[in-house]
Every structure is written in C-alpha cells, then in structure tokens.
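Numbered per the UniProt record's numbering, the sequence shown spans residues 1 to 387.
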Amino acid sequence: MQTIKYDLIVVGGRVAGSISSFYASKEGLDVLMLEKNPEIGTPVQCAGGVSETFFKSMKIKPSPQFTCSRIMGARIHAPSGASFLTRDPIIKGYIVERKIFDKHLAILAAEQGTEIMLNTIAKDLIIKNGKVKGVIVKKDGQRFDIRSEIVIAADGIQSKIARKAGLNTRFKVDEICSCAQSEMVGVNVKKEIIEFYLGDRIAPGGYLWIFPKGDERANIGVGIRRRKWNTKSAQYYLKKFTSRLDATEIEFNIGAVPIGGPVKRTYTDGLMVVGDAAGQVDPLTGGGIHIAAECAKIAGETASEAIEEDRTDAEFLKRYEKRWYKSVGSNIKRSHKYRKILNQLNDEDLNNLVESLKGKELNLSKLSLLKLVKDYPKILKTLKEIL
Ligand SMILES: Cc1cc2nc3c(=O)[nH]c(=O)nc-3n(C[C@H](O)[C@H](O)[C@H](O)COP(=O)(O)OP(=O)(O)OC[C@H]3O[C@@H](n4cnc5c(N)ncnc54)[C@H](O)[C@@H]3O)c2cc1C
C-alpha cells in the first residue's frame with residue numbers, strides 16, 4: 001500500500017461499493033475500497049436479475065462473461081395456479097452470475113485506480129470534531145487506522161458503519177424480507193421468462209421466484225415477510241417447493257433485503273451511505289442492484305466535488321441525498337405503494353386478480369392499470385393511492 005491516507009474510503013466491495021469507487025476514482029480521487037471477505041462477490045446473496053436499464057445507465061456491456069441468460073418477460077402465478085404473462089419493457093434484462101458480475105465491477109473500479117483491501121473489516125470510524133475522518137480496520141488480527149476525507153458506507157443491510165456516524169440504518173423486522181435460495185440443475189423452465197409465485201402457502205408476505213440461467217439451470221428462491229401466524233422460515237418454504245422438483249441443488253444461500261424504503265438520512269459530516277445499507281431497494285420486488293448503482297454513482301461523484309471544493313461537511317453532502325432522491329426517489333415511492341396494495345390482498349384476492357388477467361399480456365403502465373380497475377373494481381380503492 002502506498003498511502004495511509006486517502007481522499008475516500010469505501011466500506012463494502014459489492015455493487016454499491018465498486019460503483020461508488022469507480023466514479024470517485026474516475027474523477028481523480030485517491031480511493032480505497034475495503035471488503036471483509038477474502039473474495040469479491042462471495043458468498044452470493046442474490047438471484048442475479050439485472051434490468052436492461054442498469055447496463056444502459058452504467059454504460060457497462062452485458063458481457064457473456066457474467067450474463068447467463070436474457071430475460072424478456074415475467075409470468076405471475078396465483079395460489080390457484082392461474083397465471084398471466086407480462087413482457088413489459090421494464091422486465092427486460094439479464095440473469096447474471098453475481099460472483100463474476102461483482103468481480104467485474106470491482107475490476108472496473110480497480111482499472112480507474114481504486115485500491116482494494118480484502119479480508120479487512122471496518123470496525124469503527126475515526127471521528128474528529130464531529131466529522132468522519134477515516135476508518136479503524138482489523139486485518140490479519142491487527143487493528144489500525146486509515147485516514148480519509150470522506151467515507152462511503154456501502155456495507156449492506158443494517159449498516160454498522162453508518163450507525164457509528166450517528167445515522168439510523170436499522171430496519172424494523174417488518175421492513176425486512178428474509179430470503180433463501182437454491183441454484184438448481186434440471187429445472188424445466190421456459191427460457192427468457194422469470195416466474196413469480198404468490199400466496200400465503202408459498203411465500204407469506206413475499207414471493208417465490210425462478211430465474212432461468214440457461215441449460216435447465218435456475219435460481220429458485222423465496223422471500224417472506226413476518227406474519228403473526230407464520231413461524232416457518234424462508235428455507236422451509238423453499239424446500240417445500242423444490243422437493244417436488246426432479247432437480248439437483250448445486251448452491252444454497254440465505255440473505256435479507258430491506259423493503260421498507262430508504263433510511264431517513266443518508267449523509268452526515270464526512271460520510272454518505274449507499275445501497276442496501278441505505279435501504280435503496282425497490283420495495284415491491286426487493287431488487288436493489290439498479291437502484292444501488294444509480295445512488296452509488298451519485299455518491300462517488302459527490303465525493304469528488306466535495307474534495308475539490310474542500311467541503312466534506314453535511315451541508316455540502318446533502319446534495320447527494322437530493323440528487324439520488326431526484327433520480328430514483330419517485331420510483332421507490334411508487335413501488336412502496338404497490339407493495340402496500342399487495343400486502344392487503346389475500347390469497348382469494350390474488351386468485352381473482354390473476355384469474356381476470358389469465359391469458360392476457362399485461363403492460364405495467366398506469367394506463368393499463370386503469371383498464372385493470374375496470375375489470376377488477378375491488379382494488380379501485382387501494383389503487384386510488386397511486387393514480
Ligand atoms: C436472496 C436475494 C436475492 C436477490 N435478488 C436480487 C435480484 O435478482 N436483483 C436485484 O437487483 N437485487 C436482488 N437482491 C438485492 C441485491 O442483492 C442487493 O440490493 C444488492 O446486492 C445490494 O448491494 P450493496 O453493495 O448495497 O450491498 P451488499 O451486496 O450487501 O454488499 C455489502 C458488502 O459489504 C461488505 N461489508 C459489510 N460490512 C463490512 C465491514 N464492516 N467491513 C468491510 N466490508 C464489509 C460485505 O461483505 C459485502 O460484500 C437480492 C437479495 C437477496 C438477499
């Protein structure tokens with residue numbers, strides 16, 4: 001390592017961390033990215049669904065090195081077994097191999113000049129006169145200080161680092177979706193279509209997904225939210241579903257997604273928080289890659305402006321929050337409302353709703369939702385919140 005002081009330290013080496021680092025390095029900052037694991041991208045805690053807009057917006061080529069399959073549509077299954085298909089453009093994207101994808105993002109950051117320190121846990125913050133001035137790390141059993149002008153906390157759900165700076169990044173149990181996922185071989189699934197299964201007996205408060213990876217390989221996962229009557233885990237619901245398949249498991253992982261919306265404040269003196277750590281996740285789907293990337297880009301660029309103007313104070317960093325809110329805030333808000341509507345529907349409602357759409361191709365625009373209301377007046381009351 002050449003320096004013990006950096007312009008920027010980024011804690012966490014996945015999507016939010018690598019993209020923040022990439023943009024800050026690109027703008028000429030001296031950046032150090034810390035990752036507690038010995039390898040970027042593992043253990044995997046993701047189904048790998050990435051929208052087409054991510055690649056366009058980040059100007060990253062969807063290379064076959066890390067994309068497994070192309071996605072053109074989604075099929076939604078009701079508890080009754082009825083289903084409908086949507087090929088809405090917002091569904092279009094890829095299933096990526098997260099281990100390779102995350103590494104690719106880290107490589108892009110490193111190529112811009114980001115230094116990466118693996119096996120290094122950020123334990124605490126260095127705070128001077130109320131301002132974050134670096135990170136206390138533990139590596140190879142040793143604790144030491146690394147100073148910086150700014151820290152970006154990209155350390156995932158329940159970010160401890162942002163909390164050390166006084167930001168409330170704790171999510172309530174109700175705002176967390178617990179997930180379990182198996183990658184399986186021998187899954188008879190349609191190419192280019194992702195499948196979602198709804199219902200209390202399948203995934204209480206959430207959904208089960210099948211994301212095809214090509215060659216009869218797929219990520220099958222379940223995300224559930226706390227329900228008073230449910231004592232079973234996401235793993236239980238996953239096994240219940242996969243035990244009926246004639247398929248073999250080659251990888252298993254568990255994880256959690258914050259689906260309650262972003263934390264109240266995402267900046268303070270000398271620190272910004274980004275990605276899952278900030279709750280920057282779509283509350284309806286639990287997808288976080290695209291939103292984390294947009295916000296991380298803004299965080300990296302804001303860090304560069306702050307260093308250039310020698311203004312790392314909260315008043316200056318406030319622009320990060322304003323900008324990311326302008327960029328993705330309304331989408332998150334809308335998804336939050338959709339999530340609230342979905343929460344109110346019981347299995348019978350879901351059956352009726354999907355039954356009324358069976359065999360149709362649904363476009364997810366507002367216009368088509370209005371048409372949907374005509375066919376299914378019961379949800380008009382709740383849809384009023386959105387339209
Ligand atoms: C089962 C599951 C399936 C999902 N599927 C999808 C999907 O298909 N599409 C989608 O868009 N989103 C999906 N998500 C959500 C998506 O994975 C996250 O939103 C996204 O990975 C967030 O990235 P991040 O960089 O903010 O955080 P993380 O991916 O959590 O990365 C945080 C990193 O910080 C490191 N770290 C933490 N603390 C420290 C510390 N103190 N010091 C150093 N390093 C530290 C961690 O090791 C980790 O590498 C899924 C989530 C789960 C759980």
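Even for Gly, the Cβ is constructed at its ideal location relative to N, Cα and C.
Please read all numbers here as calculations on a predicted model, not as lab measurements.
Ignoring anything shorter than 4 residues or poking outside the stretch 282 to 332, list the alpha helix (DSSP H) runs there in chain order.
289 to 308 and 314 to 324
Distance, F101 Cα to K61 Cα
Locating residue 61 in the sequence shown gives position 61, counting from the first residue. Locating residue 101 in the sequence shown gives position 101, counting from the first residue. Looking at the two C-alpha atoms, the distance is approximately 11 Å.
For S335 and L284, I'd like the C-alpha separation in whole angstroms.
Residue numbering aside, residue 335 sits at position 335 when the sequence shown is read from its first letter. Residue numbering aside, residue 284 sits at position 284 when the sequence shown is read from its first letter. Roughly 5 Å between the two C-alpha positions.
Looking at A74 and L125, is the spacing between their C-beta atoms short of 7 Å?
Counting from 1 along the sequence shown, the entry for residue 125 is found at position 125. Counting from 1 along the sequence shown, the entry for residue 74 is found at position 74. In this structure, A74 does not lie closer than 7 Å to L125 by Cβ.
Excluding the 5 residues preceding and the 5 following S18 in the sequence, name in chain order all residues of the same chain whose CB lies nearer than 6 Å to its CB.
Here residue 18 refers to the residue found at position 18 of the sequence shown. Same-chain partners within the cutoff: L105, A106 and A109.
For K26, does the count of other Cβ atoms within 10 angstroms reach 16, so buried, or fall short, so exposed?
On the sequence shown, position 26 is the one that residue 26 refers to. Label assigned to K26: buried.
Between P258 and the rest of its own chain, which residues show a CB-CB distance below 7 Å, the 5 nearest in sequence each way excluded?
Taking the sequence shown and counting its residues from 1, the one referred to as residue 258 is at position 258. Within the same chain, P258 has close Cβ partners I157, F171, E175, I176, D276, G279 and V281.
In DSSP terms, what T120 is bridged to
Indexing the sequence shown from 1 puts residue 120 at position 120. For T120, the beta-bridge partners assigned by DSSP are K139.
Comparing C-alpha positions only, which one of G134, A47, N346 and P204 sits nearest to V31?
In the sequence shown, counting from the first residue as 1, residue 31 sits at position 31. Among G134, A47, N346 and P204, the Cα nearest to that of V31 is on G134.
On the CB-based measure, 16 or more other CB atoms within 10 Å of its CB, does K213 come out buried or exposed?
Here residue 213 refers to the residue found at position 213 of the sequence shown. Per the 10 Å Cβ criterion, buried.
Close-in-space but distant-in-sequence residues of the same chain around R14 (CB under 6 Å, 5 per side omitted)
The count along the sequence shown starts at 1 and reaches residue 14 at position 14. Once the five neighbours on either side are set aside, the close Cβ partners of R14 are D102.
Considering only heavy atoms of ligand 3, does any lie closer than 6 Å to the CB of A154?
Absence of ligand 3 from the depicted structure is noted, with ligand 1 being the only ligands included.
Kindly list the residues whose CB is nearer than 6 Å to the CB of G203, restricted to its own chain and excluding five residues on each side of it in sequence; keep chain order.
Taking the sequence shown and counting its residues from 1, one reaches residue 203 at position 203. In the sequence as displayed, the identity of residue 203 is Ala instead of Gly. Only V222, I224 and Y237 meet the Cβ criterion.
Are the Cβ atoms of K5 and R147 separated by less than 7 Å?
Within the sequence shown, residue 5 is the residue found at index 5, counting from 1. Within the sequence shown, residue 147 is the residue found at index 147, counting from 1. Closer than 7 Å, so yes.
Inter-residue spacing [alpha-carbon to alpha-carbon] between V50 and I95
On the sequence shown, residue 50 is found 50 positions in, with the first residue counted as 1. On the sequence shown, residue 95 is found 95 positions in, with the first residue counted as 1. Approximately 6 Å between the Cα atoms of the pair.
When every heavy atom of ligand 1 is checked, does at least one fall within less than 6 Å of the C-beta of G12?
Stepping through the sequence shown from its first residue, residue 12 is reached at position 12. True, at least one ligand heavy atom lies under 6 Å from that Cβ.
Apart from the five residues on each side of it in sequence, which residues of its chain come closer than 8 Å, Cβ to Cβ, to K358?
Locating residue 358 in the sequence shown gives position 358, counting from the first residue. Same-chain partners within the cutoff: A82, S83 and F84.
Among A218, K99, G12 and Q65, nearest to L118 - alpha-carbon criterion:
Indexing the sequence shown from 1 puts residue 118 at position 118. Of the candidates A218, K99, G12 and Q65, the one whose C-alpha sits nearest the C-alpha of L118 is G12.
Taking DSSP as the reference, what is the three-state secondary structure of M58?
By 1-based counting over the sequence shown, the position of residue 58 is 58. DSSP places M58 in helix when its eight states are reduced to three.
Quickly, what does DSSP pair A256 with across the bridge? List them, please.
Taking the sequence shown and counting its residues from 1, the one referred to as residue 256 is at position 256. Paired residues: S178.
Do you know offhand how far T312's Cα is from S243's?
Taking the sequence shown and counting its residues from 1, the one referred to as residue 312 is at position 312. Taking the sequence shown and counting its residues from 1, the one referred to as residue 243 is at position 243. Between T312 and S243, the C-alpha separation is close to 54 Å.
Should the stretch 324 to 335 be called in touch with the stretch 287 to 295, which here means at least 3 C-beta pairs below 8 Å?
yes
At a cut-off of 6 Å, would you count C295 as near ligand 1, judging by its Cβ distance to the nearest heavy atom?
Working through the sequence shown from its first residue, we reach residue 295 at position 295. Not one heavy atom of ligand 1 falls within 6 Å of the beta-carbon of C295.
Is any heavy atom in ligand 1 found nearer than 6 Å to the beta carbon of E192?
In the sequence shown, counting from the first residue as 1, residue 192 sits at position 192. False, no ligand heavy atom lies under 6 Å from that Cβ.
Just grab the DSSP bridge partners of H77 for me.
Position 77 of the sequence shown, counted from the start, is the residue given in the question as residue 77. DSSP, once it has assigned bridges, lists S83 and Y197 as partnering H77.
If you measure between the beta carbons of A303 and A47, is that distance less than 7 Å?
For the purposes of this step, residue 303 is taken as residue 303 along the sequence shown, with counting starting at 1. For the purposes of this step, residue 47 is taken as residue 47 along the sequence shown, with counting starting at 1. In this structure, A47 does not lie closer than 7 Å to A303 by Cβ.
Which value, in whole angstroms, describes the spacing of the CA atoms of T268 and K131?
Start at 1 with the first residue of the sequence shown, and residue 268 comes out as number 268. Start at 1 with the first residue of the sequence shown, and residue 131 comes out as number 131. Each residue's Cα considered, the two are about 8 Å apart.
Got a sec? Which residues, its chain only, sit under 7 Å from A306 by beta carbon, not counting five neighbours each side?
Within the sequence shown, the letter at position 306 stands for residue 306. Contacts found: I150, T312, F316 and L317.
With a Cβ-Cβ cutoff of 7 Å, do L353 and R265 count as a contact?
As a working note, residue 353 is residue 353 in the sequence shown. As a working note, residue 265 is residue 265 in the sequence shown. Not closer than 7 Å, so no.
Less than 6 Å between C-beta atoms, sequence neighbours within five positions excluded: which residues of the same chain meet that for I386?
As a first step, residue 386 is located in the sequence shown; it is residue number 386 there, counting from the start. Low confidence applies to I386: its pLDDT is 41, below 50, so where it sits in the model is not reliable, and the reading given next is rough at best. K337.
If you count every other CB in all the chains shown that lies within 10 Å of the CB of F144, and 16 or more means buried, which is it?
Sequence index remark: in the sequence shown, residue 144 carries index 144 (1-based). With fewer than 16 Cβ atoms within 10 Å of its Cβ, F144 is classed as exposed.
Segment limits, alpha helix (DSSP H) that includes K99
Against the sequence shown, residue 99 aligns to sequence position 99. Run containing K99: R98 to E111, per the alpha helix (DSSP H) assignment.
Hey, quick one: how far does the beta strand (DSSP E) through F171 stretch, first residue to last?
Locating residue 171 in the sequence shown gives position 171, counting from the first residue. First-last for F171: undefined, no H or E at that position.
Using a 10 Å radius around the Cβ and a threshold of 16 neighbouring Cβ atoms, would you call S63 buried or exposed?
For the purposes of this step, residue 63 is taken as residue 63 along the sequence shown, with counting starting at 1. Flag for S63 reads exposed.
Neighbourhood of H77 by C-beta, 6 Å cutoff - its chain only, sequence neighbours within 5 removed:
Translated into positions along the sequence shown, residue 77 becomes position 77. Here the set comprises S83 and Y197.
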